[in-house]
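For the sequence shown, our numbering assigns the number 107 to the initial residue and increments by one for each residue that follows.
Glycine included, every Cβ here is placed at the ideal spot set by N, Cα and C.
Down below is the structure, laid out as structure tokens.
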Amino acid sequence: MNAELEFEQYRGRLFSIAYRMLGSVADAEDILQETFIRWMQASRDDIRSAKAFLVTIITRLCINQLQSARVQREEYVGQWLPEPFIIDEDHDPGSLSIAFLVLLERLNPIERAVFLLREVFDYEYAEIAAAVGQSEANCRQILRRARQHVRAERPRFQANEEEHDALL
């Protein structure tokens with residue numbers, strides 16, 4: 107199969123993963139483009155599963171983006187809210203609400219990736235472990251902690267009151 111056609115076969119799923127992890131259409135599209143570039147440059151001889159390869163690449167790129175974005179967002183005093191994703195009538199039935207995306211903000215990048223891949227996309231632990239570069243047992247533990255953080259009603263990351271007041 108042609109590499110471009112093979113990528114197009116998974117484009118919707120890849121965009122969904124990126125958008126749900128990043129909460130921004132523009133960021134998701136940027137990551138999707140970077141994934142496409144890496145896909146086109148990859149040697150097909152080393153790839154056993156196009157889907158697994160693409161999900162791994164986009165997940166790791168999103169994690170990297172979130173880790174650098176978190177540092178940038180720490181300077182912002184207000185609450186981060188994901189931009190709404192407007193879709194047409196034949197939308198993805200698994201689409202997430204803004205409220206759920208805000209809940210995901212309680213998770214660190216690795217927790218968010220594991221949580222989304224397991225809870226939303228129903229990936230097996232072996233696939234998740236390969237995508238995030240952790241062991242299966244570690245992914246189970248990460249998911250358990252992520253579920254606890256999502257259920258918690260308190261903010262995950264507490265701001266120092268003195269630093270908060272100084273910023274105001």
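Check for me: the alpha helix (DSSP H) holding residue i runs from which residue to which?
{"i": "ASN108", "result": "Segment: none, ASN108 is in no alpha helix (DSSP H) and carries neither H nor E."}
{"i": "ARG250", "result": "242-257"}
{"i": "VAL226", "result": "Segment: none, VAL226 is in no alpha helix (DSSP H) and carries neither H nor E."}
{"i": "ASP152", "result": "Neither: ASP152 is in no alpha helix (DSSP H) and is coded neither H nor E."}
{"i": "ARG218", "result": "215-221"}
{"i": "GLU211", "result": "First-last for GLU211: undefined, no H or E at that position."}
Give the C-beta separation of residue i and residue j to the nearest angstrom, bearing in mind that I take them to be a contact with Cβ-Cβ under 8 Å.
{"i": "CYS245", "j": "ALA252", "result": "That pair is no contact at about 10 Å."}
{"i": "THR141", "j": "LEU111", "result": "About 15 Å separates the two Cβ atoms, so there is no contact after all."}
Beta-carbon within less than 8 Å of residue i's beta-carbon, same chain only, minus the 5 sequence neighbours each way: which residues are those?
{"i": "ILE123", "result": "VAL161, ILE164, THR165, CYS168, LEU222, LEU223, PHE227"}
{"i": "TYR229", "result": "VAL161, LEU223, ALA237"}
{"i": "GLU233", "result": "ALA158, VAL161, LEU223"}
{"i": "ILE216", "result": "ILE169, VAL238, GLN240, ILE248"}
{"i": "ILE137", "result": "ALA124, LEU128, ILE164, LEU167, CYS168, GLN171"}
{"i": "GLU213", "result": "With the sequence shown as reference, residue 213 is identified as Leu, and Glu is not the correct amino acid for it. Excluding sequence neighbours, LEU213 sits near PHE221, ALA252, HIS255, VAL256, ARG262."}
{"i": "ALA258", "result": "ARG212"}
Skipping 5 residues on each side, what residues in its chain have a beta carbon closer than 7 Å to that of residue i?
{"i": "LYS157", "result": "TYR116"}
{"i": "GLU242", "result": "TYR231, ALA232, ALA235"}
{"i": "GLN254", "result": "none"}
{"i": "MET146", "result": "ALA109"}
{"i": "ASP133", "result": "GLN171"}
Using C-beta distances below 6 Å, list every residue in its chain close to residue i, excluding the 5 sequence neighbours before and after it, in chain order.
{"i": "ILE143", "result": "none"}
{"i": "LEU172", "result": "PRO215"}
{"i": "ARG218", "result": "MET127, LEU210"}
Could you tell me whether the Cβ of residue i comes closer than 8 Å to any Cβ of chain B?
{"i": "GLU217", "result": "Annotation note: the requested chain B is absent from the structure, which comprises a single protein chain."}
Original post:
Does the count of Cβ pairs from the region 216-229 and the region 143-151 closer than 8 Å reach three?
Top reply: no
Original post:
In chain order, which beta strand (DSSP E) runs of at least 3 residues are fully inside the region 115-144?
Top reply: none
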